[in-house]
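Quick notes on the structure that follows.
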Amino acid sequence: MVERVRSTQQGQRDFVANVSHEMKTPLTSIQGFAQAILDGTASDSQAQQHAASVIHEESGRLTRLVDDLLDLARLDAGQVTFAHAEVDLNALVARVIDRLSLRAGEKSIQLENGVRGLPAITGDGDRLAQVLTNLIDNAIKHTPVGGRVTIRGEGRGDQVRVHVEDSGPGIPPDELPRIFERFYQVDKARRGGEGRGSGLGLAISREIVQAHGGRLEAASAPGRGSRFTVTLPAGLPSDSTLSRRKP
Ligand code: ADP
């Protein structure tokens, strides 16, 4: 009991430390560049334009962080109501790919949709689109220019799987189990700039998939890419086995 209380307290302290750390970097940039405009260090219009764009970008980052934190808090508290509707994963994957194709194109990444003929499942289409957007977006982010991202589907008995595969650098085996932890980022020190995330995306995605009675897993061969797999129970809302399951 004492052990459990201690570990909860440690968890809360870590969480606060992580949130503070994630907020500190953008706030420092915002303050610095606003100061440069105020005190005239950013004297010409080009320097002012640059300062304003950094402030804009970093405040966007803070907004995304707060949105993710609120989403996680609601998921934790069980305050999120999931739709319990028929979802056509074939159409859903096509829609998400369509939305991300521009970003893939900017990096000349071949974004391939190999999903077809998947049976219908029951769940919340918007939330599942959020998961696939996160996975495909990560895949594009981590794949070098000219690489490839492939989405495949697999319908096996009472389960449906969607794989997101990339030709990026992969994830070291000792870090692989940790990437679903809140705030965990591989190679945190080396990353920066526009594509920098907060390490909450996969934690949120896993919560959403688990709320559907499914699993979200990752596999990777370092140097040869990563594969993220969403496994969901197949079946329509009318199935008696499903109505007993709480999504
Ligand atoms: P974020 O993308 O905001 O950093 P995520 O929770 O989405 O947070 O991902 C956590 C970490 O997992 C990332 O920082 C990255 O190091 C690693 N990761 C996720 N997807 C991939 C991928 N496709 N290839 C390599 N590393 C990945």
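Heads up: the sequence shown begins at 6 in the working numbering, then just goes up one per residue.
Note that the Cβ used here is the ideal one computed from N, Cα and C, for glycine as well.
Just so we're clear, the structure is a prediction, and the values are computed from it rather than from any experiment.
Heavy atom of the ligand ADP within 7 Å of residue i beta-carbon
i, result
"H26", "no"
"D44", "no"
"Q190", "yes"
"S203", "yes"
"P174", "yes"
"H147", "yes"
"N118", "no"
"D171", "yes"
"G206", "yes"
"N23", "no"
"I126", "no"
"A109", "no"
"I184", "yes"
"N143", "yes"
"N95", "no"
"S231", "yes"
Continuous beta strand (DSSP E) stretch holding residue i: start and end
i, result
"R44", "For the record, residue 44 in the displayed sequence is Asp; it is not Arg. No beta strand (DSSP E) contains D44, which DSSP labels as neither H nor E."
"V235", "230 to 238"
"L123", "Looking at the DSSP string, L123 is not in any beta strand (DSSP E), and its letter there is neither H nor E."
"D171", "164 to 171"
"L181", "Run containing L181: none; DSSP gives neither H nor E here."
"I156", "153 to 161"
"V92", "90 to 92"
Buried or exposed by the 16-neighbour rule on C-beta atoms within 10 Å, applied to residue i
i, result
"L116", "buried"
"Q14", "exposed"
"V101", "buried"
"A47", "buried"
"S113", "exposed"
"R232", "buried"
"V71", "exposed"
"G16", "exposed"
"D19", "exposed"
"R104", "exposed"
"A109", "buried"
"H26", "exposed"
"T261", "Past the boundaries of the shown model lies residue 261; the chain is included only from 6 to 252, so the question cannot be answered."
"D73", "buried"
Residue i - DSSP class collapsed to helix/strand/coil
i, result
"S106", "helix"
"Q14", "helix"
"S225", "strand"
"A98", "Here residue 98 turns out to be Val, not Ala, going by the sequence shown. Looking at V98 - three-state DSSP - the assignment turns out to be helix."
"Q53", "helix"
"A134", "helix"
"L241", "coil"
"D36", "It should be noted that the sequence gives Gln, not Asp, for residue 36. If DSSP states are grouped into helix, strand and coil, Q36 belongs with the helices."
"G198", "For G198, the pLDDT reaches just 48, beneath the cut-off of 50, and the residue's location in the model is therefore unreliable, although a value from the coordinates is still provided. It is coil, neither helix nor strand."
Start-to-end residues for the alpha helix (DSSP H) that takes in residue i
i, result
"Q215", "206 to 216"
Contact between the stretch 141 to 153 and the stretch 218 to 225: three or more CB pairs below 8 Å? no
Would the stretch 232 to 241 and the stretch 118 to 128 be scored as touching if the rule is three or more Cβ pairs under 8 Å? The stretch 232 to 241 is in contact with the stretch 118 to 128.
Determine, using beta-carbon pairs with one atom in the stretch 59 to 67 and one in the stretch 85 to 101, whether at least three such pairs fall under 8 Å. no
Within the chosen definition, does the stretch 223 to 234 reach the stretch 172 to 183 through at least 3 CB pairs nearer than 8 Å? yes
Can we say the stretch 204 to 211 touches the stretch 150 to 166, given the rule of at least three CB pairs closer than 8 Å? In short, these stretches do not touch, since the Cβ pair count stays below three.
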